[in-house]
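Number of protein chains: 2
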Amino acid sequence: MLSFTEEINQHKNSNSIELSSLMKKIKRQTFAKNTILQNAGDEKISLFYVKRGLLRSYTIDDKGKEHIFMFAPEGWLIADGSINSGATELFIDALENTEVEVIDQKDFLELFLPFTALNDSKRAEVMMRRMAVMQKRIIMLISASAIERYEHFTKTYPGISQRVPQKMIASYLGITPEALSKVKGTKARGK
Amino acid sequence: MLSFTEEINQHKNSNSIELSSLMKKIKRQTFAKNTILQNAGDEKISLFYVKRGLLRSYTIDDKGKEHIFMFAPEGWLIADGSINSGATELFIDALENTEVEVIDQKDFLELFLPFTALNDSKRAEVMMRRMAVMQKRIIMLISASAIERYEHFTKTYPGISQRVPQKMIASYLGITPEALSKVKGTKARGK
DNA sequence: TAGATTTCTTAACCTATATTAATGCGAGTG
DNA sequence: CACTCGCATTAATATAGGTTAAGAAATCTA
């Protein structure tokens, strides 16, 4: 996927006033490892495009347990999809020193999307691809065993298993770190 | 949500030639209970708007087991979100005698979306709402117990638990019918 | 580098859910 | 109405994964 600024630069045809005012809405920021970019309950929803590094989004349940919703390595877009009560439900933080482009959800919807050529069927396609990924994950979660989930993860995020702690992968899969460790061990030994 | 035709009728401002050619793309059909509307592997992806009745979408795994992805009662839109290899991955069938409006995905993307006023930020909002629902379900699946999942289901589909067999609800939740029966029983007795 | 801290692994034990099977109920069909 | 057949329930048993705990390995930090 292209970053926000790259996407905009593809459409220089438009007048430069509109273009530069949109460009001002996009901030480039760097965050140190372990920095929190968004807290659940924040009223401003932002979209982050990862240029370098690694982010994750997650919830914390009543018992204080984290549940990772997604990871976002280079080239990924990450944001809280929830729009209830206008506030966010997910935390987003940096698992590595990370460089991002940021845009407000409001600006994204009102300025960015209408500006780019994506405001035709291509834009719907991008979102449908995203929904396809979620559909696959839901089906996996209702049907697959721990080891099958792990294998699904490695396909979805190639090369990421070396960059994040296993306990976070377990959290993403909806199992405990101990269960993941066990299941990986027995699988390796079984070969 | 509005049906396809209702959506179109909101935009009579456009010229009537374009409007009537679009209208021709939308078919109204009725399907008897237990009829299959779409098989996994079908090359034509259709979108179904349910005017009356009840549909569901589901996969069948290697062991022949069904996994229900979603239900679609009156007012819901149902379609296979997967776009891999241009073919569908889900089955869609009728749980009741059902009346729908149907449109091809291709026509939906190329004609319907550009036609309606939804081709601005509103359209993105509709899809974001959909993604928010999926986000909630994923978080529920990685974090909630059987009974919590059931309660989440009754909130998502109020009034539907009386219209579908329990074993299908169990399938939607990713648990066995026996487990759902037990868990409901102990909960009722526990009160 | 040493020490502290976090993460991973292993193991013993526990619990929720799966599996299998038997029974009874209810809806659909002749 | 009688006969299926699919569905729900219950129970006995099995198992995957959870919990707890402790030590080993890796990573961070001074």
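If you're matching them up, the sequences are chains A and B in order. Residue numbering for the first sequence follows my numbering, starting at 1 and increasing by one per position. Residue numbering for the second sequence follows my numbering, starting at 1001 and increasing by one per position. All C-beta atoms in this analysis are idealised placements derived from N, C-alpha and C, irrespective of residue type, glycine included.
Rounded separation between B/D1062 and A/L90 - CA only: Numbered from 1 along the second sequence, position 62 holds the residue referred to as residue 1062 of chain B. Numbered from 1 along the first sequence, position 90 holds the residue referred to as residue 90 of chain A. C-alpha separation (whole angstroms): 35 Å.
Please name the residue or residues paired with B/E1101 in a DSSP beta bridge. In the second sequence, counting from the first residue as 1, residue 1101 of chain B sits at position 101. B/R1028, B/Y1049, per the DSSP bridge assignment.
Which same chain residues end up closer than 6 Å to A/M70 when comparing Cβ atoms and leaving out the 5 residues on each side of it in sequence? The sequence position of residue 70 of chain A within the first sequence is 70, counting from 1. Here the set comprises S57.
Listed from N- to C-terminal order along the chain, which residues in the segment 58-79 of chain A have their beta-carbon within a distance smaller than 7 Å of any beta-carbon of chain B? T59, D61, H67, F69
Where does B/K1191 sit, in a helix, a strand or coil, going by DSSP? Indexing the second sequence from 1 puts residue 1191 of chain B at position 191. Confidence at B/K1191 is low in this model, with a pLDDT of 45, below 50, so the placement of that residue should be treated as unreliable; the coordinate-derived value is given next. Residue state, collapsed to three classes: coil.
On the CB-based measure, 16 or more other CB atoms within 10 Å of its CB, does B/R1189 come out buried or exposed? Working through the second sequence from its first residue, we reach residue 1189 of chain B at position 189. Classification of B/R1189: exposed, given that the 10 Å Cβ count is below 16.
Nearest to A/H11 by alpha carbon, out of A/L173, A/S181, A/P114, A/T156? In the first sequence, counting from the first residue as 1, residue 11 of chain A sits at position 11. It is A/P114.
So, A/I45 versus A/D93, is the Cβ gap smaller than 8 Å? Locating residue 45 of chain A in the first sequence gives position 45, counting from the first residue. Locating residue 93 of chain A in the first sequence gives position 93, counting from the first residue. No. Outside cutoff.
Which listed residue (B/T1059, B/L1077, B/T1116) has its alpha carbon closest to that of B/K1130: By one-based count along the second sequence, residue 1130 of chain B stands at place 130. Reading off the sequence shown, one finds Arg at residue 1130 of chain B, where the question assumed Lys. Checking every option, the nearest Cα to that of B/R1130 belongs to B/L1077.
Against chain A, does B/Q1166 count as a neighbour if the rule is that its beta carbon must be under 8 Å from one of theirs? Counting from 1 along the second sequence, the entry for residue 1166 of chain B is found at position 166. It does not: the Cβ of B/Q1166 has no partner Cβ on chain A nearer than 8 Å.
Look at the Cβ atom of B/V1164, then the Cβ atom of B/L1095, and state whether they are nearer than 8 Å. The residue given as residue 1164 of chain B occupies position 164 in the second sequence. The residue given as residue 1095 of chain B occupies position 95 in the second sequence. Yes, the pair counts as a contact, with Cβ atoms nearer than the cut-off.
Determine, using beta carbons only, whether B/K1191 comes closer than 8 Å to chain A. As a working note, residue 1191 of chain B is residue 191 in the second sequence. Low local confidence applies: a pLDDT of 45 at B/K1191 is under 50, so the model's placement there is unreliable, with the coordinate-based value given in what follows. For B/K1191, the answer is no, since every Cβ of chain A falls outside 8 Å of its Cβ.
Return the residues of the segment 1139-1155 of chain B that lie within a Cβ-Cβ distance of less than 7 Å from chain A, sorted by chain order. I1139, L1141, I1142, S1143
For the segment 26-43 of chain A against the segment 126-140 of chain A, are there 3 or more C-beta pairs whose distance is under 8 Å? no
Distance check for B/I1017 and B/L1111, CA to CA, integer angstroms please. In the second sequence, counting from the first residue as 1, residue 1111 of chain B sits at position 111. In the second sequence, counting from the first residue as 1, residue 1017 of chain B sits at position 17. Taking the straight line from one Cα to the other gives about 13 Å.
Compare the C-beta of B/E1125 with all C-beta atoms of chain A and state if any pair is closer than 8 Å. In the second sequence, counting from the first residue as 1, residue 1125 of chain B sits at position 125. Cβ-Cβ to chain A under 8 Å: yes for B/E1125.
Any C-beta of chain A sitting closer than 8 Å to the C-beta of B/M1131? One-based indexing of the second sequence puts residue 1131 of chain B at position 131. Yes, contact with chain A.
Leaving out the 5 sequence neighbours to the left and right, which residues in its chain are closer than 8 Å to A/M140 when beta-carbon positions are compared? For this step, residue 140 of chain A is matched to residue 140 along the first sequence. The residues are E148, R149, H152.
Hey, A/V100 and A/F48 are a contact pair by Cβ (cut 8 Å); roughly how many whole angstroms apart? Here the question's residue 100 of chain A lines up with position 100 in the first sequence. Here the question's residue 48 of chain A lines up with position 48 in the first sequence. With 8 Å as the limit, A/V100 and A/F48 qualify as a contact, their Cβ atoms being about 5 Å apart.
Here's the rule I'm using: 16 or more other beta-carbon atoms within 10 Å means buried, otherwise exposed. How should B/M1168 be labelled? For the purposes of this step, residue 1168 of chain B is taken as residue 168 along the second sequence, with counting starting at 1. Flag for B/M1168 reads buried.
Alpha carbon of A/E6 to alpha carbon of A/S21, nearest angstrom: Residue 6 of chain A sits at position 6 when you count from the first residue of the first sequence. Residue 21 of chain A sits at position 21 when you count from the first residue of the first sequence. Whole-angstrom Cα-Cα distance: 15 Å.
Any beta carbon of chain B sitting closer than 8 Å to that of A/Q10? As a position in the first sequence, residue 10 of chain A is number 10, starting the count at 1. So, not an interface residue.
Return the residue from the list A/A179, A/G174, A/A87 that minimises the CA-CA distance to B/S1145. Indexing the second sequence from 1 puts residue 1145 of chain B at position 145. Per the Cα distances, A/G174.
Boundaries (first-last residue) of the beta strand (DSSP E) holding B/A1094: Within the second sequence, the letter at position 94 stands for residue 1094 of chain B. First-last of the beta strand (DSSP E) with B/A1094: 1091-1094.
Name, please, each residue of chain A whose Cβ falls closer than 7 Å to the Cβ of B/M1023. As a working note, residue 1023 of chain B is residue 23 in the second sequence. Residues of chain A passing the Cβ test: none, with the nearest at roughly 19 Å.
Classify A/R56 as helix, strand or coil using the three-state DSSP reduction. The residue you call residue 56 of chain A lines up with position 56 of the first sequence. Reduced to three states, the DSSP call for A/R56 is strand.
Cβ closer than 7 Å: which chain A residues qualify as neighbours of B/R1137? If you number the second sequence from 1, residue 1137 of chain B lands on position 137. What B/R1137 touches in chain A: I138.
Along the chain, where does the beta strand (DSSP E) that runs through A/Q166 open and close? Walking along the first sequence from the start, residue 166 of chain A turns up at place 166. Taken as a continuous stretch (DSSP letters only), A/Q166 belongs to no beta strand (DSSP E), being part of the alpha helix (DSSP H) at 166-173.
Please determine whether the Cβ atom of B/R1189 lies at a distance below 7 Å from any heavy atom of the ligand GDP. As far as ligands go, the structure on display features none, and thus does not contain the ligand GDP.
In or out: B/N1119 buried (at least 16 other Cβ within 10 Å) or exposed? Taking the second sequence and counting its residues from 1, the one referred to as residue 1119 of chain B is at position 119. A caution first: B/N1119 carries a pLDDT of 49, below 50, which makes its placement in the model unreliable, though a value can still be read off. The residue is buried, with at least 16 neighbouring Cβ atoms inside 10 Å.
Rounding to the nearest angstrom, what Cα-Cα distance links B/K1136 and B/T1030 in this structure? Here residue 1136 of chain B refers to the residue found at position 136 of the second sequence. Here residue 1030 of chain B refers to the residue found at position 30 of the second sequence. One C-alpha to the other measures close to 32 Å.
Along chain A, in chain order, which residues have C-beta atoms closer than 8 Å to that of B/S1082? Taking the first residue of the second sequence as 1, we reach residue 1082 of chain B at position 82. Neighbours of B/S1082 on chain A, chain order: A132, Q135, K136.
Just tell me which of A/K182, A/Y157, A/I142 has its CA closest to the CA of B/I1068. Position 68 of the second sequence, counted from the start, is the residue given in the question as residue 1068 of chain B. Of the candidates A/K182, A/Y157, A/I142, the one whose C-alpha sits nearest the C-alpha of B/I1068 is A/I142.
Would you mind giving the Cβ-Cβ distance between B/D1104 and B/K1024, rounded to the nearest angstrom? I have them listed as a contact below 8 Å. One-based indexing of the second sequence puts residue 1104 of chain B at position 104. One-based indexing of the second sequence puts residue 1024 of chain B at position 24. At roughly 12 Å, the Cβ-Cβ gap does not stay under 8 Å, so B/D1104 and B/K1024 are not in contact.
Could you name the residues that DSSP lists as bridge partners for B/P1158? Counting from one through the second sequence, the residue named residue 1158 of chain B turns up at place 158. Partner(s): none; B/P1158 has no beta bridge.
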